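Numbering (this note's numbering), first residue to last: 447 to 736. Every residue gets a Cβ at the ideal spot worked out from N, C-alpha and C, and that includes glycine. Everything numeric in this text was worked out from a predicted model, so none of it was measured. Below is one structure, written out as structure tokens; comments come after it.
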Ligand SMILES: [Zn+2]
């Protein structure tokens, strides 16, 4: 019995060996016979700067005044740079303050002219994505960039999809406007996505963005620690910045985050969407390191 069992197991081992011995030994690539899943998944080596475990970008939409009044003092005290995707009516109300934010190193990004979203939102009446065409959206992207250039003297480098929606038209005539964003900007940012970005694999024209509004520091810390564990780029998006409220990023959460981010042992790189996107793209296009 025992001999039979040994023979059977030897036979199985032989079958196993023969199934992976089609490639002669000398033609096999160097290294382990079965590459680790991570090695198969990553097309090229990717590394954050020395000492960095994850990147975080803080972004805020619609140029709300509370971002200037309650957000910027927190960011500036911590030397942290954020990205602001602006709406023009609000931008024009406090233009000198937005100019100062830009001079301080914060990013001003494109958020379209009319903030078109799905027709299902009552506020989108008369400017619904379902009624847009691609040429119309392309012209609007360019118009918004020209307006930012005219008002602030800079070309926006990144874009935030209003409502995170990336299409125009309806039914059989739906078209993605992601290619139009990819052709114009370093990055396009979504809204209310469910994960951080894998810097080796993400599509910069469709960056995932997790909601910052309403999070306590304990809740945000879970997302940050997940990003550190995975080496991700966590892009966060919010609207108003106050103690609390609807569509509001909490000031106490931001203060705690900034304190955590400033401690080098936490290995976080906090920077604008444009700065991190540029680094990611350059790392991925650089010759693989040995
Ligand atoms: Zn918006």
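Among 517, 491, 496, 497, which one has its Cα closest to the Cα of residue 700?
For the purposes of this step, residue 700 is taken as residue 254 along the chain shown, with counting starting at 1. Nearest option by C-alpha distance: 517.
Would you kindly work out how many angstroms separate the C-alpha atoms of residue 664 and residue 585, rounded to a whole number?
Residue 664 sits at position 218 when you count from the first residue of the chain shown. Residue 585 sits at position 139 when you count from the first residue of the chain shown. Cα to Cα, the separation comes out at about 42 Å.
Is any beta-carbon of chain B found at less than 8 Å from that of residue 638?
This model lacks chain B altogether, as it is built from one protein chain only.
Beta-bridge partners of residue 507, as assigned by DSSP
Here residue 507 refers to the residue found at position 61 when the chain shown is read from its first residue. DSSP output for residue 507 lists 531 as bridge partner(s).
In whole angstroms, what separates the C-alpha of residue 488 from that of residue 647?
Here residue 488 refers to the residue found at position 42 of the chain shown. Here residue 647 refers to the residue found at position 201 of the chain shown. Any reading at residue 488 needs caution, since the residue's pLDDT is 48, under 50, leaving its predicted position unreliable; the model's value is listed next. Looking at the two C-alpha atoms, the distance is approximately 7 Å.
What are the start and end residues of the beta strand (DSSP E) that includes residue 686?
To locate residue 686, count along the chain shown from 1; it is residue 240. Where residue 686 is concerned, the enclosing beta strand (DSSP E) starts and stops at 686-688.
Exposed unless 16 or more other CB atoms sit within 10 angstroms - verdict on residue 596
By one-based count along the chain shown, residue 596 stands at place 150. Within a 10 Å sphere around the beta-carbon of residue 596 sit fewer than 16 other beta-carbons, which makes this residue exposed.
Residue 629 - containing alpha helix (DSSP H), residue span
One-based indexing of the chain shown puts residue 629 at position 183. 624-630 is the span of the alpha helix (DSSP H), which, as asked, contains residue 629.
How should residue 541 be labelled, buried or exposed, when 16 other C-beta atoms within 10 angstroms of its C-beta is the threshold for buried?
Walking along the chain shown from the start, residue 541 turns up at place 95. When all chains shown are included, residue 541 counts as exposed.
With hydrogens ignored, establish whether the beta-carbon of residue 639 is closer than 7 Å to any heavy atom of ligand 1.
As a first step, residue 639 must be located in the chain shown, where it is residue number 193. Incorrect: residue 639 has no Cβ contact closer than 7 Å to ligand 1.
Do residue 713 and residue 497 come within 8 Å of each other at the CB atom, strictly closer than that value?
Taking the chain shown and counting its residues from 1, one reaches residue 497 at position 51. Taking the chain shown and counting its residues from 1, one reaches residue 713 at position 267. In contact: residue 497 and residue 713 (Cβ atoms closer than 8 Å).
On a CA-only basis, which of 605, 640, 642, 639 is nearest residue 422? Give me that one, please.
No information on residue 422 is available, as it lies outside the stretch 447 to 736 that the chain covers here.
Report whether the distance from the Cβ of residue 650 to the nearest heavy atom of ligand 1 is below 7 Å.
Taking the first residue of the chain shown as position 1, residue 650 is located at position 204. The answer is no for residue 650.
Grouping DSSP H, G and I as helix and E and B as strand, with all else coil, what is residue 468?
Taking the first residue of the chain shown as 1, we reach residue 468 at position 22. Unreliable positioning characterises residue 468 in this predicted model, as indicated by a pLDDT of 37, which lies under 50. The coordinate reading is nonetheless provided below. Reduced to three states, the DSSP call for residue 468 is coil.
Indicate, with yes or no, if ligand 1 has a heavy atom lying under 7 Å from the CB of residue 710.
For the purposes of this step, residue 710 is taken as the residue at position 264 of the chain shown. No.
Three-state secondary structure (DSSP) of residue 715:
Locating residue 715 in the chain shown gives position 269, where the first residue counts as 1. Residue 715: strand per DSSP, three-state reduction.
Helix, strand or coil for residue 502? Go by DSSP, reduced to three states.
Here residue 502 refers to the residue found at position 56 when the chain shown is read from its first residue. Reduced to three states, the DSSP call for residue 502 is strand.
Spatially closest choice to residue 721 from 617, 589, 529, by CA coordinates:
The residue given as residue 721 occupies position 275 in the chain shown. The residue with the shortest Cα to Cα distance from residue 721 is 529.
Any idea what DSSP makes of residue 607, helix, strand or coil?
Counting from one through the chain shown, the residue named residue 607 turns up at place 161. Residue 607: coil per DSSP, three-state reduction.
May I ask you to report which of helix, strand or coil DSSP gives residue 723?
Within the chain shown, numbered from 1, the residue matching residue 723 stands at position 277. Helix, per DSSP.
Check: residue 508 C-beta below 7 Å from any heavy atom of ligand 1:
Locating residue 508 in the chain shown gives position 62, where the first residue counts as 1. Correct: residue 508 has its Cβ closer than 7 Å to ligand 1.
Just the C-alpha distance for residue 520 and residue 728, rounded to the nearest angstrom, thanks.
For this step, residue 520 is matched to residue 74 along the chain shown. For this step, residue 728 is matched to residue 282 along the chain shown. Between residue 520 and residue 728, the C-alpha separation is close to 30 Å.
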